[in-house]
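Visitor: Once you've had a glance at the structure underneath, I'll fire off some questions.
There are 2 protein chains.
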Amino acid sequence: MSKSKAIVYIRLKEGVLDPQGKTIAHAMSNMGYTEFESVRSGRFFELECETRPDLEKRIDEISRKLLSNPIIETYRVEMV
Amino acid sequence: MSKSKAIVYIRLKEGVLDPQGKTIAHAMSNMGYTEFESVRSGRFFELECETRPDLEKRIDEISRKLLSNPIIETYRVEMV
Chain H
1 MSKSKAIVYI RLKEGVLDPQ GKTIAHAMSN MGYTEFESVR SGRFFELECE TRPDLEKRID
61 EISRKLLSNP IIETYRVEMV
Chain C
101 MSKSKAIVYI RLKEGVLDPQ GKTIAHAMSN MGYTEFESVR SGRFFELECE TRPDLEKRID
161 EISRKLLSNP IIETYRVEMV
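The listed protein sequences correspond, in order, to chains H and C.
Positions 1 to 80 (our numbering) are the ones given, in order, by the first sequence.
Positions 101 to 180 (our numbering) are the ones given, in order, by the second sequence.
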């Protein structure tokens, strides 16, 4: 059976506070890397799966239902 | 002053266990998405910064020293 690979990138919506990013930006500044003005954190998931005709639809479903929190996050799927 | 944007992607090295990915793969399977054979998790950071000649070198430094754990993770920098 043929295999597919997808990456789902998840990031906070604009305007949603990102304490982890803020903390990292402060740490950078304290270490002398003062040119960094903002840091936003995100996460991604690399999925290996069996190819099927409705795969992209199903990755979309799983991204919405399981991988992300649609209230505060957006996601983007990349087939690789 | 001119601005730059970079994204640092961090993922576990091959062979390093990923309990979060494993847990998500199990959850997908339990939800009927049985075509997903493996899930690997990663994270990324979007950096906004003032442009400077040695910026790429400095992003590389900060990726190694602060953003990633070079023992178990690899990183990739994308200038956007």
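For each residue, glycine too, the CB sits at the ideal point set by N, CA and C.
#1: To which residues does DSSP link valine 16 of chain H through a beta bridge?
#2: Does DSSP put isoleucine 124 of chain C in a helix, in a strand, or in coil?
#3: Within the same chain, show all residues whose beta-carbon is closer than 8 Å to that of arginine 64 of chain H, passing over the 5 residues directly before and after it, in chain order.
#4: What are the partner residues of arginine 11 of chain H, as DSSP defines its beta bridges?
#5: Confirm, please, whether the CB-CB distance from valine 39 of chain H to leucine 155 of chain C is below 8 Å.
#6: Chain C beta carbons: is any one of them nearer than 8 Å to that of glycine 83 of chain H?
#7: So for glutamate 35 of chain H, helix, strand or coil by DSSP?
#8: Tell me the rounded alpha-carbon separation between glutamate 61 of chain H and proline 153 of chain C.
#9: Bridge partners for lysine 103 of chain C per DSSP, in chain order?
#10: Is methionine 31 of chain H close to chain C? Criterion is C-beta to C-beta, closer than 8 Å.
#11: So the candidates are C:Phe136, C:Ser141 and C:Ala106; which of them puts its Cα closest to the Cα of arginine 58 of chain H?
#12: Could you name the residues of chain H that methionine 128 of chain C contacts, counting a contact when the two beta carbons are closer than 7 Å?
#13: Label valine 108 of chain C either buried or exposed according to how many other C-beta atoms from any shown protein chain fall within 10 Å of its C-beta, with 16 as the threshold for buried.
Guide: To lay it out plainly:
#1: Beta-bridge pairing links valine 16 of chain H to no other residue.
#2: helix
#3: Pro70 and Tyr75
#4: H:Gly42 and H:Thr74
#5: no
#6: With chain H covering 1 to 80 only, the question about residue 83 of chain H has no answer from this structure.
#7: coil
#8: 43 Å
#9: C:Glu150
#10: yes
#11: C:Phe136
#12: Ile62 and Leu66
#13: buried
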